[in-house]
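In the numbering used here, the protein residues as written are 4 to 208.
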């Protein structure tokens with residue numbers, strides 16, 4: 004008969020073997036073809052996936068411009084630019100027209116002041132009229148006369164510019180018995196294809 008200590012050791016050894024035989028590893032329990040259980044994702048992976056999903060959703064929700072909308076926008080922009088350009092062109096023309104009008108008026112004043120210094124009789128005789136005449140008119144483009152010295156300046160400052168001085172008797176039948184002489188200075192030119200005129204008048208008694 005075996006001693007009690009040896010019997011106890013054999014009993015523990017047999018129990019340990021039986022226990023090991025009953026332990027089943029996870030790999031042994033997995034069925035053929037079955038995938039492994041999903042592992043937990045890290046926070047970075049979750050954040051990246053969320054960003055991709057949001058970006059993909061945003062792209063799918065985007066709405067572009069149609070061809071009709073683009074054409075309409077271009078048309079509106081072209082209309083605005085055309086209006087602005089027209090305003091600049093119109094402003095430039097008005098500025099140039101005002102400058103030309105000022106120069107024509109200055110020339111008319113210069114002519115009138117020059118001849119207004121003459122005496123009553125000297126006024127009409129200087130222009131080649133006689134006492135029996137009732138009117139006399141000369142121009143810068145005509146034959147040599149008192150207005151000829153202004154011809155070059157008038158043509159230089161004004162397009163197709165011409166200055167005309169006209170004398171008319173007032174209160175009589177001719178210059179010899181007239182009460183006064185009306186002197187009219189007219190400066191005419193072309194501005195953008197349209198005739199323009201400045202007229203000044205005075206009466207000598």
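Heads up, the beta-carbon is just placed ideally off N, CA and C, and yes, glycines get one too.
- Residue 157 sits close to residue 165, with the two beta carbons spaced by under 8 Å.
- Inter-residue distance for residue 77 and residue 87 is about 15 Å (C-alpha atoms, whole angstroms).
- The residues 199, 201, in chain order, have a CB closer than 8 Å to that of residue 104 in the same chain once the five nearest residues on each side in sequence are set aside.
- Judged by beta-carbon spacing, residue 192 lies within the 8 Å limit of residue 107, meaning their Cβ atoms are closer than that value.
- Distance between residue 93 and residue 159, taken at the CA atoms: about 24 Å.
- About 15 Å separates the CB atoms of residue 111 and residue 170; that is not less than 8 Å, and the two are not in contact.
- Residue state for residue 149 is assigned as coil, using DSSP reduced to three classes.
- Short of 8 Å from the beta carbon of residue 144, and not among the five residues preceding or following it, lie these beta carbons of its own chain, in chain order: 154, 165.
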